[in-house]
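Asks:
Residue numbers (my numbering): 7 to 328.
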């Protein structure tokens, strides 16, 4: 039921995708310029190295053969990938100082870009909540300015914690599968396990933080209260939330992968902002259901999560349960 309601709310708020797209393109353009001017001089030698070119070329051949169903050559190509990877890692050992500085600059740029992206997600969540609660058509950029204080504090807490969690999971699995167990587990199986663990880690993170934004925006619980609420188990039904996030996450990955393959990446202009919007829609649908609140899914339909009785538009605004 939550999945169906999420889809209705997503369709009802579809126009916000284009505003998200514009905002993200601005962030991407500014971030790309800063990276080119600030980081490129430190990694220019690595980018132009034959070791990296060989690694990228071998990986590309592996993917193309896999997509074309030419499995007979995958074993040989995977050996080339592993050899190219070893050569590239040897090159990295000679450029440690430059790499550390470049990595530090990239981390700062990444943190700032994620923070600005989080500001946009907060504004998106506020617009969706206004639409669900009051049928209000709140302007995206005006809402961003209006909620700037709260979103700044929220993202100052959420973004560093989220990045630390993602980095810890990715680094741990990378060294476990591609370094420690590389001689035991076949390369293709290592790739599969790496992607699987990344997806599972994302599902777990979203499951336990799903009520953070809604509790802050709709519940008015404050920063500390919202943080405590999202990790509390009262009425949360964690397994149900995890199940829904599993389906949504796999669909998001599949649709974005299809956009890359079938539209040569052009479809990502729509699928990437859509992915964030539908996940935010689910967070609010889940919160409204958890709290037993009524909400609109379109101009004529009101969902009453407190009971099975139909709700009229008039009783909704009066606050009645009948």
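Yeah, the Cβ is synthetic: ideal placement off N, Cα and C, and Gly gets one too.
Express the C-alpha separation of residue 286 and residue 13 in angstroms, rounding to a whole number.
Replies: The residue given as residue 13 occupies position 7 in the chain shown. The residue given as residue 286 occupies position 280 in the chain shown. Cα to Cα, residue 13 sits roughly 11 Å from residue 286.
Asks: Which runs of the alpha helix (DSSP H) at least 4 residues long sit entirely within the segment 185 to 250? Give them in chain order.
Replies: Complete alpha helix (DSSP H) runs here, min 4: 193 to 215, 218 to 223 and 228 to 237.
Asks: Per DSSP, what kind of secondary structure is residue 286 in: helix, strand or coil?
Replies: In the chain shown, residue 286 corresponds to position 280, counting from 1. Helix at residue 286.
Asks: Which one of 292, 263 and 122 has the shortest CA to CA distance from residue 385?
Replies: No information on residue 385 is available, as it lies outside the stretch 7 to 328 that the chain covers here.
Asks: By a C-beta neighbour count over all protein chains shown, 10 Å radius and 16 as the cutoff for buried, is residue 76 buried or exposed?
Replies: Stepping through the chain shown from its first residue, residue 76 is reached at position 70. Exposed, because fewer than 16 other Cβ atoms sit within 10 Å of the Cβ of residue 76.
Asks: Going by C-alpha distance, which of 293, 130, 157 and 269 is nearest residue 27?
Replies: Against the chain shown, residue 27 aligns to sequence position 21. Selected option, being the one with the closest Cα: 130.
Asks: Hey, quick one: how far does the alpha helix (DSSP H) through residue 49 stretch, first residue to last?
Replies: As a first step, residue 49 is located in the chain shown; it is residue number 43 there, counting from the start. From DSSP, the alpha helix (DSSP H) with residue 49 extends over 46 to 53.
Asks: Considering only C-alpha positions, which residue in the set 46, 100, 93 and 51 is nearest to residue 60?
Replies: Translated into positions along the chain shown, residue 60 becomes position 54. The shortest Cα separation from residue 60 among 46, 100, 93 and 51 belongs to 93.
Asks: From residue 23 to residue 212, what does the alpha carbon distance come to, in whole angstroms?
Replies: In the chain shown, the residue the question calls residue 23 occupies position 17. In the chain shown, the residue the question calls residue 212 occupies position 206. C-alpha separation (whole angstroms): 20 Å.
Asks: Along the beta strand (DSSP E) that carries residue 5, what are the first and last residues, could you check?
Replies: As shown, the chain starts at 7 and ends at 328. That puts residue 5 outside it, with no answer to give.
Asks: Quick one, are the C-beta atoms of residue 298 and residue 307 less than 9 Å apart?
Replies: Position 292 of the chain shown, counted from the first residue, corresponds to residue 298. Position 301 of the chain shown, counted from the first residue, corresponds to residue 307. Contact: no.
Asks: Is it buried or exposed, residue 158, if we count other Cβ atoms within 10 angstroms and call 16 or more buried?
Replies: In the chain shown, the residue the question calls residue 158 occupies position 152. Under this definition residue 158 is an exposed residue.
Asks: Could you tell me the distance, in whole angstroms, from the CA atom of residue 53 to the CA atom of residue 96?
Replies: The count along the chain shown starts at 1 and reaches residue 53 at position 47. The count along the chain shown starts at 1 and reaches residue 96 at position 90. Roughly 14 Å between the two C-alpha positions.
Asks: Alpha carbon to alpha carbon, how far is residue 176 from residue 232? Give it in angstroms, no decimals.
Replies: Looking up residue 232 in the chain shown gives position 226. Looking up residue 176 in the chain shown gives position 170. In a straight line, the C-alpha of residue 232 is about 27 Å away from that of residue 176.
Asks: In the DSSP output, what is residue 308 paired with across the bridge?
Replies: As a working note, residue 308 is residue 302 in the chain shown. Answer is 302, bridged to residue 308.
Asks: Check each candidate in 204, 110, 161 and 91 and name the one with the smallest Cα separation from residue 179.
Replies: Start at 1 with the first residue of the chain shown, and residue 179 comes out as number 173. Considering only alpha carbons, the answer is 204.
Asks: Give every residue of the same chain whose Cβ lies closer than 7 Å to the Cβ of residue 283, excluding the five residues on either side of it in the sequence, and list them in chain order.
Replies: Position 277 of the chain shown, counted from the first residue, corresponds to residue 283. Same-chain partners within the cutoff: 16, 19, 22, 23, 26 and 130.
Asks: Could you tell me whether the segment 220 to 234 touches the segment 153 to 169, where touching means 3 or more Cβ pairs closer than 8 Å?
Replies: The answer is yes - the segment 153 to 169 touches the segment 220 to 234, with three or more Cβ pairs under 8 Å.
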